[in-house]
Amino acid sequence: MKRKYFAIPYAVWMLVLIIAPMILIMMYAFTGQADGAFTLDNIKEALNPVYMKVLLRSLELAVISTVICLFLGYPIAYFLSRMPARRAAILSMLFIVPMWMNFLLRTYAWMNILDTNGLINQLLVALDLGRVKLMNTQGAVVVGMVYNYLPFMILPIYNILQKMPKESIEAAQDLGSTDRQVFTKVVFPLSIPGVISGITMVFIPTITTFAISRLLGGSQFMLYGDLIENQFLSVGQANGGWHVGAALSFIMMVLVFICMAIANHFDKGEENGGTMI
Amino acid sequence: MKSKSSWGRNFFIGLMLLFMYAPIIIMIIYSFNASKTMANWGGFSLKWYEALFSDRDIMAALEVTVTVAVLSSITATFIGTAAAIGIHSMKRRWRNAMMYCSNIPVINPDIVTGVSLMFAFSLLAVPQGYTRLLLAHITFNIPYVILSVMPRLRQTSNSLYEAALDLGAKPSVALRKVILPQIMPGVISGAILAFTLSIDDFVISFFSQQGAQNLSIYIYSLARRGINPKINALSALMFVTVMSLLLTVNFLGGKSSPEARKKRAQKKEARIARKAGTFVMEEN
Amino acid sequence: MAQHLIELVDISKDFDGEEALKNINLYIRDGEFLTLLGPSGCGKTTMLRIIAGFEAPSSGKVFIDGKDVTNVPAYKRKVNTVFQKYALFPHLNVSDNVAFGLKLRKIEKSKIEKKVHEMLEMVELQGFETRSVEALSGGQQQRVAIARALANEPEVLLLDEPLGALDLKLRKEMQLELKRMQQQLGITFIYVTHDQEEALTMSDTIVVMRKGVIQQIGTPIDIYNEPKNAYVADFIGESNILPGVMVEDYFVEFSGKGFNCVDKGFTPNEAVDVVIRPEDIKIVPPSDGTLSGVVSSVVFMGVHYEMQIDTGEHTFLVHSTSKAEEGVHVGLSFFPDDIHIMRKDVEE
């Protein structure tokens, strides 16, 4: 039996459960509930001002979270890369361990802290500063996203900084660069692929998340992920929710595709055995 | 100057670590709080742990989580390894096409994968509940097994296979006795990766359940109703489990500790990358 | 047993339009050491792989021991290969590697052990049974590869440039080793190499190949002394090749002079290639030589001096144990049977 036929079971599986559904989503996005005819109604619905506002809000929060992750994560990665190997290994592992806790538990943890009766408010009351509404705000959602995705930013940057050949730095110093110049002219530029990787790994999930916004943001306002979930599960198939949801998903896929394309453009050539479409 | 800047650095790192661990530690502390809210400390109590263990839903969810993880990772490992072997021996164009398709669940945001699976299940009239959950997990696990096995296949020289044939082994025997041992590390790390991803999954499972809950979904439903100290207890237990697993693996392979650490680092990285939808796998 | 152990009949092979072998006809005798010699891309490895069964010919037939094995897969042929990069199984130790083929045939354990021991002794690796193959040196790995292939007692052993990765001294030792082994075992060795010295040292028969076509088949002495065309002459050993005209049988003109020679069978005044080996040319006083010129370079090569003599018409390469000084005017002398005449190449 030819070896390539080994892949047939999976090929069939993929076709049925991955490719066909994606095509279906496309179809649902562009067909009407009633008659199944081609229509742009769903897309129009998906592009209506209310949903667009949600999209914008999602993008806004995603950008804010990503930027915060970058400004916190890069220094962490940088400091770690400068430490002796053992300490760096232990510390980097410490930053990763929380990831092994369940994603929802990590998000829930912040509910404890930000709640009206939560820790922060306890403190404020004790200091006689009165309670502050922290839960169900956009701020809470940002905190949740940063908390969950910070390690995604740290790791790729740390990796690439670690791999940076010491000779490049020594060469720069040899040629007369100060520490700051070494950083701005050598270290940072060479670390950009890691930065791009980190940004991608944070930005895309933060646009599409819905658990974090639901738990920490309440039903007050929706993010794009909530919209999709809502259409599919709450509105439901019978009421055309699947068509609108598909349209929304389609728009999201386009967005993600654009992001990946931009990221790929900046990142020509992965040095490790990675696959990035 | 050196001590000043390194003090600053250490402080910053310390602060960040505090940021990462404070929420968890707080949860653990309050899991022992007799009072329901955080507003006051009602004394040390184990009642939430009791409540946790007697909560049948949680135990059911735990069972679902573990069984799905085990079954889906084993199935995915078999199908994925076979697929990787098949893809590896394809001509370049076919190989690229297959890999492109295979990576779709890896790249796509969870929500899109979850929704598309929901579509597929409903159109194929797959029974709701456990079946859907299991199939969904297998589906998103297989690509990671493939991505784990492929580099090993590439590293294995084809002349090893030919040498086995040359010495009289039938192709199937050659595969079993020569190729498989060579790719085994990749197969194992793929299986472990699949297991880890499965245990932690939320979004995809969310769209595939209605009937069967895994742990993540259960926690979600609980948390949506507001703060619940049972969750604190659960977190505490989970944290202890994770930490002890870490320490055992670290100390178990005494001399292979750098390898074990590397392996786990790979696992972690891949798992993290998976959540973000981009895959970066480090091979040594 | 058929006298021609292996026969290749009208074998052609193309890879995606590229012709690797063009209409090869070749027979290989039982018990001979035959070398396929040629530069990279000449098709020698392809031919070996077709004999082994890893490639199927695009057309033509392969016979082993009288049987048509063209469609028989590799694992069923009584042929074993020593691979270029040894292809030892890293997850098995030396003994398991050598025993691999034997274990497949479900031979009794004690017999296997005995055979492994015997093989390791033959390649002078006694005591290496439990060693890990990755800890061995290149030369040792290579010997394990040979032991592994021979443990199966094949009728034919195929060797694909096995000595390429070894350093010079080791290579030369192994060449003699392999020759000795072949004679001791009495089986057919088919050896692939691009190193003509290696081929000349070890082979009973050499097959010179170029771009998928056999140029010449013969013993080392034949090929060296009577190259059939300029390509073979140039590939084997060093030579001086110059254009000439075969005025009539036994008489050739080149370099502006006429010479007696020992070849015949050409049409009168046919344009030919003339080959004279550097070691056949002697340096003599200018008046004694049939040609004369100026020494343009002298290089000490250890065994001999390599000198270039410029006659104005041609620069001759001369190997001699006696030295001539640079810039000196000398004469060149050689015998009629040192002059080899070849038909002009009609290659594209």
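Protein chains in written order, with the working numbering: chain A, -13 to 263; chain B, 5 to 288; chain C, 1476 to 1823. C-beta atoms are modelled at their ideal positions from N, C-alpha and C, and glycine is treated no differently.
Alpha-carbon to alpha-carbon, F65 (chain A) and R13 (chain B): Approximately 7 Å between the Cα atoms of the pair.
Given 8 Å, three or more beta-carbon pairs between the segment 198 to 213 of chain B and the segment 130 to 141 of chain B: Yes, they touch.
Whole-angstrom distance between A1746 (chain C) and K1757 (chain C), CA atom to CA atom: So the two alpha carbons sit approximately 26 Å from each other.
Bridge-paired residues (DSSP) for F1775 (chain C): For F1775 (chain C), DSSP records a beta bridge to C:Y1780.
Any C-beta of chain A under 8 Å from that of D204 (chain B): Judged by the 8 Å Cβ criterion, D204 (chain B) is in contact with chain A.
Test item: CB-CB of A195 (chain B) and V246 (chain B) under 8 Å: Cβ atoms of A195 (chain B) and V246 (chain B): not closer than 8 Å.
Cβ distance (whole Å) where L201 (chain B) is taken to contact V182 (chain B) below 8 Å: Contact flag wrong, Cβ pair sits at about 30 Å.
Contact residues within the segment 49 to 64 of chain A, judged by C-beta distance below 7 Å to chain B: Cβ contacts with chain B: L58, P61 and I62.
DSSP-derived helix/strand/coil call for M246 (chain A): In this structure, M246 (chain A) counts as helix in the three-state DSSP scheme.
Close Cβ partners of K259 (chain B) (< 8 Å) along its chain, the five nearest in sequence each way excluded: Confidence in K259 (chain B) is poor, its pLDDT being 40 and thus under 50, which makes the residue's placement unreliable; the coordinate value appears in the next sentence. Excluding sequence positions up to five before and after K259 (chain B), its CB lies less than 8 Å from no other CB in the same chain.
Neighbour flag for T1556 (chain C) against chain B, beta carbons, 8 Å: So yes, T1556 (chain C) belongs to the interface.
One or two residues paired with F1726 (chain C) in a DSSP bridge: According to DSSP, which records beta bridges pairwise, F1726 (chain C) is partnered with C:E1723 and C:N1735.
Inter-residue CB distance, V118 (chain A) and N103 (chain A) (contact presumed, cutoff 8 Å): Contact check for V118 (chain A) and N103 (chain A): beta-carbon distance about 12 Å, past the 8 Å limit, so the pair fails to qualify.
Residue-level contact to chain A via CB, F123 (chain B), 8 Å cutoff: Cβ-Cβ to chain A under 8 Å: yes for F123 (chain B).
Residues that I143 (chain A) bridges to, as DSSP identifies them: Answer is none; I143 (chain A) lacks a bridge partner.
Residue burial classification, Y104 (chain B) (beta-carbon count within 10 angstroms, cutoff 16): Exposed.
Inter-residue spacing [alpha-carbon to alpha-carbon] between H1815 (chain C) and D1738 (chain C): If I take the Cα positions, the gap works out to 7 Å.
For M187 (chain A) and I192 (chain B), the rounded distance between their alpha carbons: Each residue's CA atom was taken as its position, placing I192 (chain B) and M187 (chain A) some 25 Å apart.
Beta carbon proximity, A197 (chain A) to chain B, threshold 8 Å: Interface annotation, A197 (chain A): in contact with chain B, CB-CB separation under 8 Å.
Run of the alpha helix (DSSP H) containing M38 (chain A), from where it starts to where it stops: Counting along the chain, M38 (chain A) sits inside the alpha helix (DSSP H) bounded by residues P35 to R68.
Residues from the segment 1659 to 1679 of chain C in contact with chain B, defined by Cβ distance under 8 Å: Hits within the stretch: zero.
Integer-rounded CB distance, given that G180 (chain A) should sit under 8 Å from I146 (chain A): So it is a contact: roughly 3 Å between Cβ atoms.
Residue range of the unbroken beta strand (DSSP E) whose run includes Q1690 (chain C): Note, Q1690 (chain C): beta strand (DSSP E), V1688 to G1693.
Residues of its chain near V221 (chain A), where Cβ-Cβ distance is below 8 Å and the 5 sequence neighbours each way are ignored: Only G227, V230 and G231 meet the Cβ criterion.
Beta carbon of R228 (chain B) nearer than 8 Å to that of G190 (chain B): The answer is no: Cβ separation not under 8 Å.
Pair within 8 Å by beta-carbon distance, V53 (chain A) and L209 (chain A): Judged by their CB atoms, V53 (chain A) and L209 (chain A) are not nearer to each other than the 8 Å cut-off.
For N236 (chain B) and Y34 (chain B), believed in contact at Cβ under 8 Å, the rounded distance: The beta-carbon separation of Y34 (chain B) and N236 (chain B), rounded to 5 Å, stays under the 8 Å limit for a contact.
Cutoff 8 Å: L1579 (chain C) Cβ touching any chain B Cβ: Taking 8 Å as the CB threshold, L1579 (chain C) lines the interface with chain B.
Per DSSP, the bridge partner or partners of T1676 (chain C): Its beta-bridge partners do not exist; DSSP assigns none.
CB contact below 8 Å: S212 (chain B) versus chain A: False, the Cβ-Cβ gap to chain A never drops below 8 Å.
D1489 (chain C) in three-state terms, based on DSSP: Per DSSP, reduced to three states, the secondary structure at D1489 (chain C) is strand.
Contact between the segment 1512 to 1532 of chain C and the segment 1594 to 1614 of chain C (3+ Cβ pairs under 8 Å): No: fewer than three Cβ pairs fall under 8 Å.
Within chain B, partners of V2 (chain A) - CB distance below 9 Å: Contact of V2 (chain A) with chain B by beta-carbon distance below 9 Å involves A124 and L128.
Contact set for L1717 (chain C): own chain, Cβ-Cβ below 7 Å, skip 5 residues either direction: When the five nearest sequence neighbours on each side are left out, the beta carbons in the same chain lying within less than 7 Å of the beta carbon of L1717 (chain C) are those of F1729, S1730, V1749 and H1789, in order along the chain.
Cβ neighbour criterion (16 or more within 10 Å) applied to Y(-9) (chain A): Result: exposed.
Euclidean distance between Cα positions of F48 (chain B) and M31 (chain B): Approximately 14 Å between the Cα atoms of the pair.
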